[in-house]
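Novice: Numbering (this note's numbering), first residue to last: 474 to 767.
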């Protein structure tokens, strides 16, 4: 298994920043990716000695890890432990993520100026997360934003920079712990049933006004509740399910791309090709060809 190397850089699309010189001894990487074009996903890798916490801001992503797939949608956090292999299936255009690597300290080593007991509690909480994937709280996004803002605006080497950076890092780590421990809100039964129906029958049409009326909600209330429950707006969720069905048909049949596009209500084979490539990172033809070459 490949250990992912740390390559520090600071470009418009890709930031990999070392916070240790600023007094944040436990975060060797504060990262931000913002891609305007499709990029291949990384190979399976691990982060020895580090936990990785990744927040999705934009993009419809998929993590593979230890034989399981984790749909990584905007507003969610994915967690990986030091020896858990994982990779993003692809890096679509419009992707934006934040991430940190949290370096697990040696026994009795203190972090962020905390005393021994406080450090031990925080490290244990971070390394024993109850979930690998969970909905993020606004606190998590705000703490990430604050870390980047301090890094960019505070004078290098100043006491104020170190104090504020440690404060923001502590807020982020505690927010991750507390958010992961929260019991998720129960998905309304009508929305859960609709989501299951869409998964089973993505070829059908689901007008917002109709499904909202069926659920006893106004269109605006339905849209808000659906996005909160499923992590994506209705249209994006339906599109994702149609692409998943297209993948299945490409995997298991010799049907033409045009016939698959027609069944799944795409305007044309070219329309399916465009959406498929945006979400999966490959065209349908390339996806089918890669499978058959294995």
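Backbone N, C-alpha and C define an ideal beta-carbon position, used for all residues, glycine too.
Bear in mind the structure is a predicted one, so any value in this text is a computation, not a measurement.
Taking the alpha-carbon positions, what's the residue 601 to residue 614 distance?
Specialist: Straight across, the Cα-Cα distance linking residue 601 with residue 614 is about 21 Å.
Novice: Using the rule of at least 16 other Cβ atoms within 10 Å of the residue's Cβ for burial, across every protein chain shown, is residue 559 buried or exposed?
Specialist: buried
Novice: Per DSSP, residue 569 is paired with what?
Specialist: 507 and 531
Novice: How do the stretch 490 to 503 and the stretch 620 to 634 stand: do at least 3 beta-carbon pairs fall below 8 Å, yes or no?
Specialist: Yes, the stretch 490 to 503 touches the stretch 620 to 634.
Novice: Judging by CA-CA distance, which residue of 568, 544, 570 and 539 is the nearest neighbour of residue 556?
Specialist: 539
Novice: Let me know the secondary structure DSSP gives residue 587 once reduced to three states.
Specialist: coil
Novice: Could you pull the start and end residues of the alpha helix (DSSP H) that residue 710 belongs to?
Specialist: Element bounds for residue 710: 707 to 725.
Novice: What runs of the alpha helix (DSSP H), each 4 residues or longer, lie entirely inside the stretch 568 to 650?
Specialist: Restricting attention to alpha helix (DSSP H) runs no shorter than 4 residues, the stretch 568 to 650 encloses them at 589 to 600 and 611 to 626, ordered along the chain.
Novice: Contact check, residue 568 vs residue 536 under 8 Å by CB: the rounded distance?
Specialist: Their Cβ separation, rounded to whole angstroms, is 13 Å, which puts residue 568 and residue 536 out of contact at 8 Å.
Novice: Is the stretch 731 to 743 close to the stretch 674 to 689, with three or more CB pairs under 8 Å?
Specialist: yes
Novice: From the DSSP secondary-structure annotation, give me the bridge partner or partners of residue 553.
Specialist: 525
Novice: Assuming residue 664 and residue 699 form a contact by the criterion Cβ under 8 Å, report the distance between their Cβ atoms to the nearest whole angstrom.
Specialist: 6 Å
Novice: For the putative contact between residue 650 and residue 598, defined by C-beta atoms under 8 Å, what is the C-beta separation to the nearest angstrom?
Specialist: 4 Å
Novice: Which one of 550, 621 and 545 has the shortest CA to CA distance from residue 648?
Specialist: 550
Novice: Residue 731 and residue 719: beta carbons closer than 8 Å?
Specialist: no
Novice: Is it buried or exposed, residue 715, if we count other Cβ atoms within 10 angstroms and call 16 or more buried?
Specialist: buried
Novice: Would you mind reading off the limits of the alpha helix (DSSP H) that contains residue 746?
Specialist: 742 to 753
Novice: Could you tell me the distance, in whole angstroms, from the CA atom of residue 660 to the CA atom of residue 634?
Specialist: Taking the straight line joining both Cα atoms gives about 42 Å.
Novice: Rounded to whole angstroms, what is the Cα-Cα separation between residue 458 and residue 553?
Specialist: The chain is shown from 474 up to 767; residue 458 falls before or after that span and cannot be answered.
Novice: Which stretch, first to last residue, makes up the beta strand (DSSP E) that contains residue 545?
Specialist: 541 to 545
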